[in-house]
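So the mapping is simple: this note's numbering equals the position in the sequence shown, first residue as 1, plus 33. The beta-carbon is built from N, C-alpha and C at its ideal position, and this holds for glycine as well. Since the structure is predicted, the reported quantities are computational estimates derived from the model, not experimental observations.
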Amino acid sequence: MILDYLNHHPDLGLGARIASLGAVIGRSRVGARPTLGEYATVRADGENIGIGANAWFGEHSTVHIADQILGAAVGDDATVGRYGVVHACTLGHGVVIGESSVVMDGARVGDYALIAADTVVPPRKDLPGGFLYAGHPAKRMRAIARDELAALAHSLPRQSRAAAQPEVQLLQARLRSRLRAFSDRLHRHHVHHEECGGNCARSDFRCRGREVSELQRELSKMQRPFLPLLSMRPHASQGRTLHRA
């Protein structure tokens, strides 16, 4: 759907692919070959939204503005996963926003950055490009190469189908349980380490033998191979699947 807002009509580039329930509204200027999944919405109903060429927006994703305060800008080749929210902020070229992540008002995400699934980028946060960010709030995890980023961007449409498979859901549950147990262990160790100042000899925490920073590195290393899989979400929609060109 392409909808006017007051006297503003969206300016949409050639080759647009918009699902039947996707919408581009109002003061939107969108480059060539955009793709919007079901219920994806570009909603410029009180400020301007500018989007570059080859943008891909998954199902239920949203680009919105702060009324009469801040618009939104999205660079070329950007990817926003399902349920992602881009709100009154700026995304550089080639940025990938994972599923259910939120980039908030006034934030800036640099070129070719990856925002992992379920991440929150707080208002006015400035994240340099070329890195993976994750967490609440978003924290820099590691550098990410463009070929790895491109592979993740192109995998998002396929993940919508794969996430519905029971064996994938079972594996996800096992991985999340494993990571949660490890995170709990890290937290207990951190609390104990602060209490004893690193000077106790309790074998269950091994304060002398393993520092908190080592556990944090181990957790980061453990998560890394599973980030694409952990970003999948089961979904029941049987509508047509949209692919990146």
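Taken in chain order, the whole beta strand (DSSP E) runs of length 3 or more contained in the stretch 138 to 179 are 164 to 167 and 172 to 176. One alpha carbon belongs to A186, the other to Y38, and they sit about 31 Å apart. According to the DSSP assignment, G79 belongs to the beta strand (DSSP E) that extends over T74 to I84. Here D109 has G64, G85, A86, N87, A88, H126 and G127 as same chain residues with Cβ atoms under 8 Å from its own Cβ, once five neighbours each way along the sequence are excluded.
When M34, R175 and V153 are compared, the shortest CA-CA separation from S133 is found for V153. With at least 16 other beta carbons inside 10 angstroms of its own, G59 counts as buried. Listed in chain order, the non-local C-beta contacts of G46 below 8 Å within the same chain comprise V63, G64, A65, R66, P67 and A86, local neighbours out to five positions each way being set aside. Under DSSP, I51 forms a beta bridge with L69. Excluding the 5 residues flanking it on each side, T74 has same chain C-beta neighbours closer than 6 Å at A56 and T95, in chain order.
For the set V107, R175 and V135, the Cα lying nearest the Cα of P156 is the one of V135. Distances from the CA of G163 to each of R175, A171 and A146 were compared; the closest alpha carbon is that of A146.
Annotated as distal: I82 and G48, with beta-carbon spacing of 9 Å or more. A Cβ-Cβ contact shorter than 9 Å links R115 with E92. Non-local C-beta neighbours of G79 in its own chain, meaning closer than 7 Å and more than five positions away in sequence, comprise I98, D100 and Q101, ordered along the chain. The DSSP-derived three-state label of A111 is coil.
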